[in-house]
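Asker: In terms of mature numbering (1 follows the signal peptide of the UniProt record, and there is no 0), the sequence shown is residues -26 to -1, 1 to 330.
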Amino acid sequence: MLKIKAIGRKGSYGLVLVLLTSLLSACNTASNSSTDRTSNTVSTSNQSDGHYEKMSAGYETSYSGADLALKSKPSPSSVEYESRLGFRGADYQSPGLRAVFETQQPDTAQYKNYSDNPVKQVVTEPVSTFSLDMDTASYANSRRFIAHGRMPHPDAVRVEEFINYFPSTSNEKLTSITGSPFSAGYELAPSPWNTDKVLLRVNIKANDVNFNQLPPSNLVFLVDTSGSMYGEDRLDLLKESLKLLVNKLRPQDKVSIVAYAGSAGVALEPTSGSNKAKILAAIDKFEAGGSTAGGEGLQLAYKMAERGKVNGGINRILLATDGDFNVGINSTEELKAFVSREKEKGITLSTLGFGD
């Protein structure tokens, strides 16, 4: 648990842990005001469902071999992103607000509503606990809406994920905290809305980790090959992404592959990272077609992870899909309960989204 204690003259100041940002400033200046794997907490506007995960000693959710391999390439700049989508400069003609609203089609995606965090008196509640997981999906998802001439769903816009998407250009010096997997920096300033109060900003950054010093990894690629995955931005992109990850594998790492569509099957038994040709050949065989028996695929993936389990290593399933399961286990609560039980056995899960 991360504990941050309030300081100051008793009775004079109430310190509030905040992130000095807003949705509008994040949208307009995202490329200039950014943070690199930094967790900034907002007392007044940060979105939360009231559940915070305490940091574990292993801190496995941020330091698996798969995570580092996937994040080894910096997030694209806005210019690079626009170039990929093929709309920039004279090539892109804005449809105008009227056209945007008139041409919008019903969106089937579902987003959970998060209420704003209340303002708390740190004199009475001096401890703040929050997750150090870094999410960035909201920014890319919102750009997807805009690129298709649509307004993002309000619950799809999450300020902290906009900020986390961009690498930091800040020169702020952070102090390493002994025995912790992160460094921290602090700034104290007068409150702009109450001269009797001050604001404390806490900047948290995960420590850099040497990939080659990580313990051996046992990875299971769980790949959605259903009919909806057909396309360059779906299965084709997924295959290219997995190939990049495979090229980062070390001899001590191993990979299994499970594919699912109308049913699930093992595409590759546990294979050493030194045998990249065999792993890449299995990935090249993926073809899209059928329904989405994700529940069956997930259960089979955990069996494969257990078969290749590395004691003291990183045991993780990478689920790559374009949407929800529609065959077998498909309710959110059932899936959460299943994944939680398996996590207690030392096997964790990451999800990778592809397509619209």
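Every residue gets a Cβ at the ideal spot worked out from N, C-alpha and C, and that includes glycine. None of the values given here were measured: they were computed from a predicted structure.
Can you say whether R281 is buried or exposed, counting buried as having 16 or more other CB atoms within 10 angstroms of its CB?
Answerer: The residue in question, R281, is exposed, as its Cβ has fewer than 16 Cβ neighbours within 10 Å.
Asker: Is DSSP giving T199 helix, strand or coil here?
Answerer: Coil at T199, not helix or strand.
Asker: Which runs of the alpha helix (DSSP H) spanning at least 4 residues fall entirely within the stretch 184 to 234, listed in chain order?
Answerer: Complete alpha helix (DSSP H) runs here, min 4: 211 to 220.
Asker: Is Y160 buried or exposed, if buried means 16 or more other CB atoms sit within 10 Å of its CB?
Answerer: Exposed, by the Cβ-count rule.
Asker: Where N177 and N285 are concerned, what is the direct C-alpha to C-alpha distance, given to the nearest angstrom?
Answerer: Answer to the nearest angstrom: the Cα atoms are 34 Å apart.
Asker: Per DSSP, V240 forms a beta bridge with which residues?
Answerer: DSSP output for V240 lists V232 as bridge partner(s).
Asker: Check E34 in the structure and name its three-state DSSP category.
Answerer: Low confidence applies here, because E34 scores a pLDDT of 35, under 50, leaving its location unreliable; read the following figure in that light. Coil, per DSSP.
Asker: When the Cβ atoms of the stretch 226 to 244 are set against those of the stretch 165 to 174, are three or more pairs found closer than 8 Å?
Answerer: Short answer: they don't touch.
Asker: Which class does P128 belong to by DSSP, given the choice of helix, strand or coil?
Answerer: Reduced to three states, the DSSP call for P128 is helix.
Asker: Tell me the residue span of the beta strand (DSSP E) that contains Y160.
Answerer: That run of the beta strand (DSSP E) goes F156 to P164.
Asker: Could you pull the start and end residues of the alpha helix (DSSP H) that T306 belongs to?
Answerer: Note, T306: alpha helix (DSSP H), T306 to K317.
Asker: Between which two residues does the beta strand (DSSP E) containing N289 stretch?
Answerer: It spans I288 to T295 - the beta strand (DSSP E) in which N289 sits, taken as one unbroken run.
Asker: Can you give the beta carbon distance from residue 334 to V197, rounded, assuming they're within the 8 Å contact cut?
Answerer: Here the chain has residues from -26 to 330 only, and residue 334 is not among them.
Asker: I need the boundaries of the alpha helix (DSSP H) containing V133, first residue and last residue.
Answerer: Segment V133 to Y139, the alpha helix (DSSP H) holding V133.
Asker: Closest to P92 by CA distance: which of A262, S102, A279 and K217 is it?
Answerer: Comparing Cα-Cα distances from P92 to each of A262, S102, A279 and K217, the minimum goes to S102.
Asker: Rounding to the nearest angstrom, what Cα-Cα distance links D227 and F195 in this structure?
Answerer: In a straight line, the C-alpha of D227 is about 13 Å away from that of F195.
Asker: Starting from the C-beta of S203, find all residues in its chain whose C-beta is less than 8 Å away, skip the five residues before and the five after it, and write them out in chain order.
Answerer: In the sequence as displayed, the identity of residue 203 is Met instead of Ser. If we look at M203 and ignore the five residues flanking it on each side, its Cβ neighbours are L209, L212, A262, T295, D296, F328 and G329.
Asker: Between V313 and the rest of its own chain, which residues show a CB-CB distance below 7 Å, the 5 nearest in sequence each way excluded?
Answerer: L323, listed in sequence order.
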